[in-house]
Amino acid sequence: MIEKLEEIKHRFEEVSQLIVQPDAMSDMKKYGQLNKEYKDLEKVVKKYDEYILVRENIANTKQIIDKEKDEEFREMAKMELDELVPQEEALEEELKQMLIPKDPNDSKNVILEIRAGTGGDEAAIFAGDLYRMYTQFAEGAGWKMSLMNLTEGTAGGYKEIVTGIEGEDVYAKLKFESGVHRVQRVPATESQGRVHTSAATVAVLPEAEEVDVELNMGDIRKDTFRASGAGGQHINKTESAVRLTHHPSGLVVECQDGRSQHANYDKALKVLRSRLYEMELKKHNEEIAGQRKSMVGSGDRSDKIRTYNYPQGRVTDHRIGYTVYNLPNVMDGDIADFIEQLRIAENAEKMKEGAEQ
12 MIEKLEEIKH RFEEVSQLIV QPDAMSDMKK YGQLNKEYKD LEKVVKKYDE YILVRENIAN
72 TKQIIDKEKD EEFREMAKME LDELVPQEEA LEEELKQMLI PKDPNDSKNV ILEIRAGTGG
132 DEAAIFAGDL YRMYTQFAEG AGWKMSLMNL TEGTAGGYKE IVTGIEGEDV YAKLKFESGV
192 HRVQRVPATE SQGRVHTSAA TVAVLPEAEE VDVELNMGDI RKDTFRASGA GGQHINKTES
252 AVRLTHHPSG LVVECQDGRS QHANYDKALK VLRSRLYEME LKKHNEEIAG QRKSMVGSGD
312 RSDKIRTYNY PQGRVTDHRI GYTVYNLPNV MDGDIADFIE QLRIAENAEK MKEGAEQ
C-alpha cells in the first residue's frame, strides 16, 4: 500500500508542476483534466501525509517508552500511544478505501430514462412518481436537469420520460438505480381497493462524449415530425421534433422537447451516443460478470432491484437486502441512504477481489 501511495504522491507533485505550465493554461480542456486530477490526488496525498505523521509519532512514542527511565513520563507516552494506534488504524482503512479503483465513468453526466413496465396506467403513474423522486434528489444535490423526450400516460405519469442530468459525480451517485423498480399499492384507478404490483424500468446512461463513441453520420437517418404532448403548442405547427435511426445497431431515438429542430437534433444525438456507449459498457460488464457475480448487479435494466410497498411504508433494495420504513421520504427524493449502502457494498466487493488476487 505504501508503494502505491508513494507513486500517487509523486504523480501529484508532477501534476502540480504541469498545471502551471503556459501550454496547460492556454488549453482549457487540458487544464480541466489536470485540475480534476490534481483535486482527486490531493485528497489522497493529504490523508497519506496525515497517516505518515501519525506513524512517525507512534515510532517516537515507542522509543520513549523503551528508553525513558522516568516512570511518569513513560506512562504519559503509553497514554499517547493508546490514542495514536486507533488513529493509525482508522487512517489506514480510509486510505484503503481511497485506493479502490474508481469507475472511469463516475464523474460523467447522465441520461436518465424511465419507462412504464407491467401494470398499465398504474405503471405510468409510478414512472411519474420515480421521475419526481429523482428530480427532488437532483435539486438537493444542486444538479441541473434538462428534459429530452416524454410520452405521457393516459391516466397521468409517463409511458416514457428521458432527461439529461448535469453536475458533480452524477453517474457515481445514480449508476446503481438502473433496473426494474416495483411498486405495491392500491392504484388510484382501482375501485375494489386491492393492492396491485406494477413496475417501471430505470436506465442510467453515462453521457458519452465524442471521444468515447465515434459516430459515422452516414449510418444515421434523420426524420422530422410535429411535436405533440404537453408544452408542445408553440412548436407543433412545425416539424421541430427529431427521430434518429442508427442503422448498424437498430437504435431509434426521438427528441421533441426543444424549441427548435436544431436543439432537438443535438439532444437526440447526445442520447444516441450515450446508448451506444452503454451497449459497449454492458458487454464489458458482462465479461467481468462472467468471472464473478457482483452483489450489487451489473446495472442490467432487466434486474429487479427495488420494491416500494405503500401499505407497509417499506422500501427494499433486493441486491443488498436493505430495507427502510420511510417510503414517503424516499419518494420525496431521500435516496442518499440507499446510494451510500450500495456504494459500501460495491467497495467491499472490490476490496475482497483485490485481496484474492
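Position in the sequence shown (first residue = 1) + 11 = our numbering.
Ideal placement from N, C-alpha and C gives every residue a C-beta, glycine not left out.
As summarised for the segment 124-187, the continuous alpha helix (DSSP H) elements at least 4 residues long and confined to that stretch are 131-152 and 181-185, given in chain order. In this structure, the alpha-carbon of D117 lies about 44 Å from that of A88.
Nearest Cα to G151 within the set L161, K184 and T129: K184. Beta-carbon to beta-carbon, Y59 and L106 are separated by about 6 Å, close enough to satisfy the 8 Å threshold. With 16 or more other Cβ atoms inside 10 Å of its own Cβ, G175 counts as buried.
In the DSSP annotation of this structure, H192 is not part of any alpha helix (DSSP H); the continuous beta strand (DSSP E) holding it starts and ends at G190 to R196.
Bounds of any alpha helix (DSSP H) do not take in P259, whose DSSP letter is neither H nor E. With respect to the C-alpha of E360, the residue from G344, N340 and I331 having the closest C-alpha is I331. Taken atom to atom, the span from the alpha-carbon of E250 to that of M228 is near 21 Å. With a threshold of 16 other beta carbon atoms within 10 Å, V206 falls short and is exposed. Membership of L216 in the beta strand (DSSP E) is indicated by the continuous run H207 to P217. For Y333, the enclosing beta strand (DSSP E) begins and ends at Y333 to V335.
For D314, the three-state secondary structure derived from DSSP is coil. At the C-beta level, I316 and F187 come within 9 Å of one another. R66 and L95 have their C-alpha atoms some 8 Å from each other. The criterion of a C-beta distance shorter than 9 Å is satisfied by I122 and V282. Within its own chain, the residues whose Cβ lies closer than 6 Å to the Cβ of P198, once the five positions on either side in sequence are excluded, are E133 and H207, listed in chain order. The residue among I111, K57 and G128 with its C-alpha nearest the C-alpha of K20 is K57.
In the DSSP assignment, T235 is bridged to V253. Taking 9 Å as the cut-off, the Cβ atoms of L287 and L226 count as close. For D328, the three-state secondary structure derived from DSSP is strand. For I63, the enclosing alpha helix (DSSP H) begins and ends at M39 to K78. With a cutoff of 9 Å on beta-carbon distance, E99 and Y62 are scored as near each other.
In this structure, V191 places its C-beta atom within 9 Å of the C-beta atom of G128. Contact between A252 and F236 holds: CB atoms are separated by about 5 Å, below the 8 Å threshold. With contacts defined by Cβ atoms closer than 9 Å, L280 and L255 form a contacting pair. Measuring C-alpha to C-alpha distances from Y142 to each of R126, G153 and G130 identifies R126 as the nearest.
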